[in-house]
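Structure record follows, encoded as structure tokens.
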Amino acid sequence: MNDKRSIFSEFKQQIQILLAVVVILWAIEIADWLIFRGALDQWFGIRPHRLSGLWGILFAPFLHGDFTHLLANTVPLVSLGWLIMLRKTEDWFVVSAIAALCSGLGTWIVGSPYSVHIGASGVIFGYFGFLLLRGYFERSVVAIAFSLLVAFCYGGIIWGVLPNQPGISWEGHLFGFLGGILAAKLLSKPRRASSDQLDL
Numbered sequence: 001m002n003d004k005r006s007i008f009s010e011f012k013q014q015i016q017i018l019l020a021v022v023v024i025l026w027a028i029e030i031a032d033w034l035i036f037r038g039a040l041d042q043w044f045g046i047r048p049h050r051l052s053g054l055w056g057i058l059f060a061p062f063l064h065g066d067f068t069h070l071l072a073n074t075v076p077l078v079s080l081g082w083l084i085m086l087r088k089t090e091d092w093f094v095v096s097a098i099a100a101l102c103s104g105l106g107t108w109i110v111g112s113p114y115s116v117h118i119g120a121s122g123v124i125f126g127y128f129g130f131l132l133l134r135g136y137f138e139r140s141v142v143a144i145a146f147s148l149l150v151a152f153c154y155g156g157i158i159w160g161v162l163p164n165q166p167g168i169s170w171e172g173h174l175f176g177f178l179g180g181i182l183a184a185k186l187l188s189k190p191r192r193a194s195s196d197q198l199d200l
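Per full-length UniProt numbering, the very first residue in the sequence shown carries number 1; after that it's consecutive.
This is the structure we're talking about:
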């Protein structure tokens, strides 16, 4: 009984966290549209090679060009984020932070100096990279199954790391993806064979 309550409590917490993130993202976009007329994107987006643009590493994932952009990011942000939470809710915070930092810093270093980068897609690619490579690092049946599921459902987005779509921050995607791989390496718990077991 206690186990069931614990699982339900964990699930409830996960829903609350993801719902809070969605509410914050949509509230910011509504405020930017109604009050600031899109100025938040320019003020707090990542502006590569400029010291003032470093603030964007913290704020850019919360900003979007319009509601269509935000809607396109909301579904994978929630679904992939929840898959990360399934094993351990705390993992989501670590993966989100690493993905956002790597995506933002990488974009700031290699992006065009006259561009402004916004959106949560760098974090989403971080989730994708984490889930895709966690199976490789952990070598557990469950982790591998999750990797295959993510590859099947979201594998097509991998092309987003290439500079082939005008107006799309491939830099953010690429470095977010690499950040997710880094997080998978840091958080993975490889299964160790006992002395009387053989690796298959």
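All C-beta atoms, glycine included, are put in the ideal place defined by N, C-alpha and C.
Asked: Three-state class that DSSP yields for Ile118 in the structure shown; Found: coil
Asked: Residue from Thr68, Pro61, Phe152 and Gly45 whose Cα sits closest to the Cα of Ile124; Found: Pro61
Asked: Under the three-state DSSP convention, the category Ile168 falls into; Found: coil
Asked: Classification of Leu187 by the beta-carbon crowding that lies within 10 angstroms, buried from 16 upward; Found: buried
Asked: Distance, Glu171 Cα to Gln165 Cα; Found: 11 Å
Asked: Ser115 versus Phe44, Gly129, Leu182 and Tyr127, residue with shortest Cα-Cα distance; Found: Phe44
Asked: Beta-carbon proximity check, Trp26 vs Leu80, cutoff 8 Å; Found: no
Asked: C-beta contact flag for Phe137 and Ala72 at 8 Å; Found: no
Asked: Inter-stretch contact at 8 Å, needing at least 3 Cβ pairs: the region 131-149 / the region 42-56; Found: no
Asked: Enclosing alpha helix (DSSP H) for Leu63 [first to last residue]; Found: Careful: Leu63 lies outside any alpha helix (DSSP H) and carries neither H nor E.
Asked: Which listed residue (Gln14, Glu10, Ser9 and Arg134) has its alpha carbon closest to that of Leu178; Found: Arg134
Asked: Cutoff 8 Å; reference Leu105; Cβ partners in own chain excluding five residues on either side; Found: Ile57 and Phe175
Asked: Straight-line gap, Thr74 to Val22 (C-alpha atoms, nearest Å); Found: 7 Å
Asked: Alpha helix (DSSP H) segments (min. 4 residues) lying fully within the UniProt domain "Peptidase S54 rhomboid" (54-189); Found: 56-59, 67-85, 89-110, 121-138, 141-154 and 170-187
Asked: Closest residue to Val161 among Pro113, Ser103, Trp82 and Leu131 (Cα-Cα distance); Found: Ser103
Asked: First and last residue of the uninterrupted alpha helix (DSSP H) at Trp43; Found: Ala39 to Phe44
Asked: Coarse secondary structure for Arg50, derived from DSSP in three states; Found: coil
Asked: Alpha carbon of Ile35 to alpha carbon of Ile24, nearest angstrom; Found: 16 Å
Asked: Residues of its chain near Met85, where Cβ-Cβ distance is below 6 Å and the 5 sequence neighbours each way are ignored; Found: Gln14 and Trp92
Asked: C-beta contact flag for Gly180 and Ala99 at 8 Å; Found: yes
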